[in-house]
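Accompanying notes for the structure given below.
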Amino acid sequence: DVKVTQSSRYLVKRTGEKVFLECVQDMDHENMFWYRQDPGLGLRLIYFSYDVKMKEKGDIPEGYSVSREKKERFSLILESASTNQTSMYLCASSPPRGIYNEQFFGPGTRLTVL
Amino acid sequence: AQKITQTQPGMFVQEKEAVTLDCTYDTSDQSYGLFWYKQPSSGEMIFLIYQGSYDEQNATEGRYSLNFQKARKSANLVISASQLGDSAMYFCAMREDTGKLIFGQGTTLQVKP
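Shown next, in the form of structure tokens:
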């Protein structure tokens, strides 16, 4: 079974703090993704990565950065957390591009920035 | 621009009845994939069903089927014989050639006993 794990289910941080959200997958997937989910907006892609040390901006990268030093781990970094970054963050992984590449999701991290 | 639209923010269905969740998409790609995911209140995203743009038959997975109408650019999810455990949020998504998924806004389904 594919397993995608995220470091925390719930996180509370203060405005201005640096926040790290960690994601690990155990299926040797090349692709990894970070989304945020907000009511009425669905999931929006923040950043994604096709390989180690590679990263691509998604639709809403402002205020975020990412790191992928190892194939199995993809970190999302909030350099200086703000209240408008309070959200549910979902990590996903998938095999390389192909006709069919389902994304496998982690359980999510609900981040609150006070 | 690629876009997925789910126009039903919330739906109710009686237990054991069938329900259709709507999804329309917009793309200029010839090759694309359409997915439906279920998100229960616990938060995890559960893959339900996939339809490729070149698939001629509608996809089916148990009680789930995808009503794919390519000319209309619609990919509606049909759940037959609804169960209480089907109460959740449902997302339609489209895969681009890059491998990225674009999600709709989601539809919350509540199954009434």
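Protein sequence lines correspond, in order, to chains L and G.
By the count of my numbering, the first sequence reaches residue 98 at its end, each step adding exactly one.
By the count of my numbering, the second sequence reaches residue 188 at its end, each step adding exactly one.
The C-beta atom is built at its ideal place from N, Cα and C for all residues, glycine as well.
Between the C-alpha atoms of ASN15 (chain L) and ASP35 (chain L) there is a straight-line separation of about 6 Å.
In terms of Cβ geometry, ILE154 (chain G) and ARG138 (chain G) form a close pair [threshold 8 Å]. Of the residues L:LYS41, L:LEU(-5), L:VAL3, L:GLY90, the one whose Cα lies closest to the Cα of LEU62 (chain L) is L:VAL3. With respect to the 8 Å criterion, LEU184 (chain G) and ALA168 (chain G) are not classified as neighbours on the basis of their beta carbons.
Against LYS175 (chain G), the close residues of chain L are PHE17, LEU29, PHE32, GLY42, in the order they occur along the chain (beta-carbon pairs closer than 8 Å).
Pairing LYS37 (chain L) with ARG52 (chain L) gives a Cβ-Cβ distance under 8 Å. Taking a C-beta cut-off of 9 Å against chain G, the contacting residues of the region 46 to 78 of chain L are MET72, LEU74, ALA76, SER78, listed in chain order. Legend: CB atoms of the region 117 to 136 of chain G lying less than 7 Å from CB atoms of chain L belong to residues GLY118, GLU119, MET120, PHE122, TYR125, GLY127.
Counting only residues of its own chain and dropping the five nearest sequence neighbours on each side, VAL88 (chain G) has a CB closer than 6 Å to the CB of VAL94, SER157, VAL186. Our two residues, ALA134 (chain G) and GLY118 (chain G), have alpha carbons roughly 25 Å apart in a direct line. A Cβ-Cβ distance of about 12 Å is found for the pair CYS75 (chain L) and GLN21 (chain L), leaving them out of contact under the 8 Å criterion. Chain G places no beta carbon closer than 8 Å to that of GLU1 (chain L), leaving this residue out of the contacts. Closest by C-alpha distance to GLN83 (chain G), out of G:LYS91, G:THR99, G:GLU90, is G:THR99. Contact check for TRP18 (chain L) against VAL(-12) (chain L) fails: the beta carbons are separated by 8 Å or more. In this structure, GLN126 (chain G) sits away from ALA146 (chain G), with a CB-CB distance that is not shorter than 8 Å. For the region 84 to 97 of chain L, the beta-carbon criterion of a distance under 9 Å to any beta-carbon of chain G is satisfied by TYR84, ASN85, GLU86, GLN87, PHE88, PHE89, GLY90, PRO91, GLY92, ARG94.
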